[in-house]
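Right, one structure below, let's go through it.
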């Protein structure tokens with residue numbers, strides 16, 4: 055079962071912390087190990103919310119009794135998950151009601167810390183490109199679009215693979 059996470063506003067860059075959301079976790083990890091690591095875990099009707107540092111992630115119990123992440127690590131605004139949006143000049147937090155808040159450096163640092171500690175506690179490896187920070191899911195921002203060289207051609211020295 056796959057859960058849709060976020061839809062992207064047109065012409066924007068939505069950033070997500072990359073997780074394999076199809077991975078399933080043993081209930082003991084969420085019910086025992088996360089609280090022991092200082093996370094607050096609240097569970098209602100098969101949905102578990104894991105919180106720490108003003109950030110949270112959500113997991114749902116699947117038919118096999120394990121948990122699957124349905125909302126990746128996110129900053130909380132008034133108790134609600136906010137999407138991280140890169141406008142090209144600044145990062146913003148988008149609330150579900152459409153409000154936009156400038157992302158503070160402390161919020162971004164807490165999101166990174168939350169993500170790293172959650173991964174470590176759940177035993178999820180962090181790969182090099184993910185460890186650099188948030189990874190963007192969709193982009194419509196391109197500094198080269200419309201400029202010479204935006205499409206590789208003979209002007210920029212690009213050569214066809216034919217004849218090699």
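In our numbering, the protein residues as written are 55 to 218. The beta carbon of each residue, even a glycine, is placed where N, CA and C say it ideally should be.
message: In the DSSP assignment, the beta strand (DSSP E) including residue 159 goes from what residue to what residue?
response: Residue 159 -> not in any beta strand (DSSP E); alpha helix (DSSP H) instead, spanning 159-176.
- prompt: Considering residue 97, what are the terminal residues of the beta strand (DSSP E) in which it resides?
  reply: 94-98
field: For residue 143 and residue 163, the rounded distance between their alpha carbons
entry: 18 Å
query: How many Å lie between residue 87 and residue 140 at the Cα?
result: 33 Å
message: Give me, in chain order, the residues of the same chain whose beta-carbon lies closer than 7 Å to that of residue 146; leave out the 5 immediate sequence neighbours on both sides.
response: 139, 154, 155, 156 and 157
query: What residue from 167, 175, 83 and 176 has the CA that sits closest to residue 107's CA?
result: 167
- request: Within its chain, find whatever has a CB closer than 8 Å to the CB of residue 175; leave out the 5 residues flanking it on each side and keep chain order.
  value: 83, 87, 88, 91 and 93
field: Buried or exposed by the 16-neighbour rule on C-beta atoms within 10 Å, applied to residue 160
entry: exposed
- prompt: For residue 77, does the three-state DSSP call read helix, strand or coil?
  reply: coil
- prompt: Going by DSSP, what residues sit across from residue 122 in a beta bridge?
  reply: 78 and 114
Residue burial classification, residue 169 (beta-carbon count within 10 angstroms, cutoff 16): buried
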